[in-house]
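Trainee: Each residue of the sequence shown is one higher than the one before, starting from 787 at the first, in this note's numbering. Quick reminder that beta carbons are idealized off the backbone N, C-alpha and C, glycines included.
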Amino acid sequence: MRPFRPETQPPMDSKYKQHLKNRSAVVASALADCALVHSGSNGLDRDEIMSAAHALGAVPFYARHVAVEPLCRWLLGLGHVFFEEHLREPVLELQWALGWMLVEAFKQTSQDLDDVDVEEEQRAPRAVATPANASHAAAATKATRQRGTSWVQRPALEPVPMEGEKTAEDEEEEDHAEAMATASKLMQFFGLLPKLPGKHSAPMLSLAVESIAETGLWRRSVLLPHMVGGKARWRRGFSWPQLFNFAHERLAADMRFRLWRCALQLCISDPALATYAEVPFALVQVMKDAPAGAAGLVREAVALGADAAALSPLVSRLPPSEKTKESTDGLLPRAEAKAAEKERRAQLAELGINCDSWAPAEVQTPDIMPAHHRMKLAKGDKGGSAAAKKRGADAGPIVPPSLYQASAPAPQVPQQQQPAQAGDAGGAGAKRRRCLSKTKDEATAHLPLRDADLD
């Protein structure tokens, strides 16, 4: 894998880059196959078997697709060896590998995350994809790119690629296709992993989720705005709710408590950023299947600084339960949790893993909120919670007062009229007649019913 590192090679063309990639794929497959074939009693010992897994797990970010299939074969065949060694002493490289493999399985493209109106796209007529239309569209796009945005100075023409040479757009399309193929393979792997015989299969899925939370890989799931055409498009590297729901459905109740603990630890470490990663929303989705002790864990997280408004559905709906044996560890305060993550990333750096190339250590919280998050907050604030009053959301819309209601007197209940005397022709009980004819005196003209007539 070392020849594929860019810092050890000068700038190279696409053919030589593909050549190095193929060589690295052969080396990775050879490591995994040798460990599987010679793992018997008369073959390789445990240290040699684990060394092959260490080399595959510490793969750099740009070569991760090369090590996916060899890692899957090694873990399916020798996963029990990893689990036994991990119980004695944590094997950080393989736990890290399980984490980034699970992230790659739920990787999302920008097209899936753009905040577009689906109904308008379905109603809009679409042209038939013919070769002529495709060529015209490509020519129009290229002309727009060459034209630029200035009428004064035109941009320099892009170099025309030679025959057989790949452009940046071709490489991007190939990377996208490779990423989707890798995600499909990893989904099959993690779907099969909990079903394997033995006690090591399900805990490996739990270790993968815990690795994502403890190493900072979860920050790739944060929704970040990207301005496209003057409109904010929200994008993220992977979906935390989908990943959490996937693991939650495939684990037993005692293992689910570990998932809830690592998710609530994220809400304590960075409450604002966890909301943009939809960590509380993922917990609400699986609230019906919450493990024993989840309610006490949520209340402990709120006491340690988690967002009470985001976790309010869990606090109000989860029934109080007794403490379990798993709840003795508890949650860490914010300062200790950040220090533990920093220490974990430093340990991985000593093993040759650059965590910053996979996920940043810090992400700035966006200044705006996605539209679907605002809708959820508005739906949850109908009862007028304390958080809504603090945000001023319970003020309600400003409605102008009605002019009729301001001027009209309060209605009175009519009383039963007494029969009028014969001589009181102009009294209150006198019968009034409606004037249907035109009057000549416009100054004295009035409606048949006036305030004076009602007295």
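In whole angstroms, what is the alpha-carbon distance linking Leu-1059 and Val-1065?
Mentor: Their backbone Cα atoms lie some 9 Å apart in a straight line.
Trainee: Would you be able to state if there are at least three C-beta pairs under 8 Å between the segment 1092-1101 and the segment 1121-1130?
Mentor: Judged by Cβ distances under 8 Å, the segment 1121-1130 makes no contact with the segment 1092-1101, as fewer than three pairs qualify.
Trainee: Give the range of the beta strand (DSSP E) segment to which Pro-1011 is assigned.
Mentor: Residues 1010-1014.
Trainee: Could you check whether the segment 833-840 touches the segment 848-866, counting it as contact only if at least three pairs of C-beta atoms, one from each stretch, sit closer than 8 Å?
Mentor: Flag = yes, the segment 833-840 and the segment 848-866 touch.
Trainee: For the beta strand (DSSP E) that contains Arg-1021, what are its first and last residues?
Mentor: Unbroken beta strand (DSSP E) run through Arg-1021: 1017-1021.
Trainee: Please state the DSSP three-state secondary structure of Lys-893.
Mentor: Three-state result, Lys-893: strand.
Trainee: So, does the segment 1005-1017 touch the segment 1151-1161, judging by three or more C-beta pairs under 8 Å?
Mentor: Yes: the two stretches touch, three or more of their Cβ pairs being nearer than 8 Å.
Trainee: Measuring CB to CB, does Leu-993 end up less than 9 Å from Ser-987?
Mentor: Contact: no.
Trainee: Just to confirm, are Pro-983 and Asp-1040 a CB contact at a threshold of 9 Å?
Mentor: Not in contact: Pro-983 and Asp-1040 (Cβ atoms no closer than 9 Å).
Trainee: Measuring straight from C-alpha to C-alpha, what distance separates Glu-964 and Val-877?
Mentor: Each residue's alpha carbon lies about 29 Å from the other.
Trainee: Are Ala-844 and Leu-1003 closer than 9 Å when you measure CB to CB?
Mentor: Against a cut-off of 9 Å, the Cβ pair of Leu-1003 and Ala-844 comes out as no contact.
Trainee: Exposed or buried, which one is Val-823 when buried takes at least 16 other CB atoms within 10 Å?
Mentor: Exposed.
Trainee: By Cβ distance, which residues of its chain are closer than 6 Å to Lys-985, with the 5 residues on each side in sequence left out?
Mentor: Result list for Lys-985: empty, nothing under 6 Å.
Trainee: Would you please state the rounded distance, in angstroms, between the beta carbons of Thr-1001 and Cys-1141? I believe it to be under 8 Å.
Mentor: So it is a contact: roughly 6 Å between Cβ atoms.
Trainee: With distance defined between alpha-carbon atoms, name the residue in Glu-1035, Ser-1055, Ala-969 and Gln-974 nearest to Ala-1089.
Mentor: The candidate whose alpha carbon is nearest that of Ala-1089 is Ser-1055.
Trainee: When every heavy atom of the ligand ATP is checked, does at least one fall within less than 8 Å of the C-beta of Cys-1141?
Mentor: The ligand ATP is not part of the structure shown, which contains no ligands of any sort.
Trainee: Mapping DSSP to helix, strand and coil, what is Val-914?
Mentor: Model confidence at Val-914 stands at a pLDDT of 42, short of 50, so the residue's coordinates are unreliable; what they give is reported in the following sentence. Val-914 falls in the coil class under three-state DSSP.
Trainee: Compute the distance between the beta-carbons of Ala-814 and Val-852, then report whether it is under 9 Å.
Mentor: Cβ distance < 9 Å, so Ala-814 and Val-852 count as in contact.
Trainee: Hey, could you find the ends of the alpha helix (DSSP H) Tyr-1062 is sitting in?
Mentor: It spans 1057-1062 - the alpha helix (DSSP H) in which Tyr-1062 sits, taken as one unbroken run.
Trainee: On the criterion of 16 or more Cβ atoms from any shown chain inside 10 Å, does Met-966 qualify as buried, or is it exposed?
Mentor: Exposed, because fewer than 16 other Cβ atoms sit within 10 Å of the Cβ of Met-966.
Trainee: Whole angstroms is fine: what's the gap from Met-1073's alpha carbon to Leu-1104's?
Mentor: One C-alpha to the other measures close to 7 Å.
Trainee: Below 6 Å CB to CB, which residues in the same chain sit around Leu-880 once its five sequence neighbours on both sides are set aside?
Mentor: Answer for Leu-880: Ala-839, Gly-843 and Phe-868, listed in chain order.
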